[in-house]
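**Q** In the numbering used here, the protein residues as written are 2 to 278.
Ideal placement from N, C-alpha and C gives every residue a C-beta, glycine not left out.
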Ligand SMILES: [Zn+2]
């Protein structure tokens, strides 16, 4: 599932590649992907003829502002990706929507599991979108300060991994990056969040920024299922730089102790039993 760094890679690519482009045609091949709209036309008519003026992100939602004042909202769900291509390329399986530009190719929204979605809303209505109201602190934003983090951490009492994955606390962290952040900060997944020293809080805060920025720099994690790709159809490289996730039995990159795997709700968590306390 795309986590915060993967969504940020897509946002940056879109910002570089589609800002200034005007929409010529929109082809919705699977109505479920625009499920907030009662009819296709209600969606397509707000896009056709409009120019994309900027690309922002709120949590894992990508917001493409249009020159009409409307915003095209994009969410990749569990398995979605966006492909920037020419109209000549054969359609990939599970291509559910195509946005064609007047000049310069098209965007294709591809999503095998169909949890992703697209919708258009008014720029002044965006604050009223239910899913966007709960977007919590964003470690990739400048407004994510040490002080803010420390205060929100102190107000919770839960296991660290659960806290990192709580979308109401921090947006966009999933199973992979939460394990990596905890390893980088030397803290265990089951450590109680209200037992951290000031130094540990600081380490966690710094690890969060460093790991996520590294994720963006290596253009995200693509696991074996290969559902995550960037705008140009390329897989990420961050999977080759993971320190604990998926490395059960392999030596810790810091202390050589074999990495362990524990059950975490119905998934797994990976950690070093030696250098995470
Ligand atoms: Zn270790």
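In chain order, what residues of the same chain lie with their CB nearer than 6 Å to the CB of residue 31, ignoring the 5 residues before and after it?
**A** These residues qualify, in order along the chain: 97.
**Q** Where does residue 52 fall in DSSP's three states?
**A** In this structure, residue 52 counts as strand in the three-state DSSP scheme.
**Q** Quick one: what's residue 183 bridged to in DSSP?
**A** Answer is none; residue 183 lacks a bridge partner.
**Q** Please determine, among 99, 82 and 241, the residue with the shortest C-alpha to C-alpha distance to residue 89.
**A** Comparing Cα positions, the closest option is 99.
**Q** Would you list the residues whose beta-carbon is nearer than 6 Å to any heavy atom of ligand 1, in the order they occur in the chain?
**A** Result: 253, 255, 256, 258, 273, 275 and 276.
**Q** Contact between the region 74-83 and the region 16-30: three or more CB pairs below 8 Å?
**A** No: the two stretches stay apart, fewer than three of their Cβ pairs being nearer than 8 Å.
**Q** For residue 59, which of 128, 177, 116 and 110 has the nearest alpha-carbon?
**A** Closest option to residue 59, Cα to Cα, is 128.
**Q** For residue 12, which residues from the same chain have a beta carbon less than 6 Å from its beta carbon, with the 5 sequence-adjacent residues on both sides left out?
**A** Taken in chain order, the residues that qualify are 56, 58 and 63.
**Q** Are residue 190 and residue 213 closer than 8 Å when you measure CB to CB?
**A** No, the Cβ-Cβ distance between residue 190 and residue 213 is not below 8 Å.
**Q** Label residue 5 either buried or exposed according to how many other C-beta atoms from any shown protein chain fall within 10 Å of its C-beta, with 16 as the threshold for buried.
**A** Its Cβ being crowded by 16 or more others within 10 Å, residue 5 is buried.
**Q** Just curious, the alpha helix (DSSP H) that residue 202 is in, first and last residue?
**A** First-last of the alpha helix (DSSP H) with residue 202: 199-218.
**Q** Can you tell me which residues form a DSSP beta bridge with residue 75?
**A** BP columns for residue 75 point to 63 and 119.
**Q** For residue 173 and residue 138, what's the separation of their Cα atoms in angstroms?
**A** Roughly 9 Å separates the two Cα atoms.
**Q** Does DSSP put residue 196 in a helix, a strand or coil?
**A** Helix, per DSSP.
**Q** Figure out for me which residue from 255, 236, 247 and 252 has the closest Cα to the Cα of residue 268.
**A** Ranking the options by Cα distance to residue 268, first place goes to 247.
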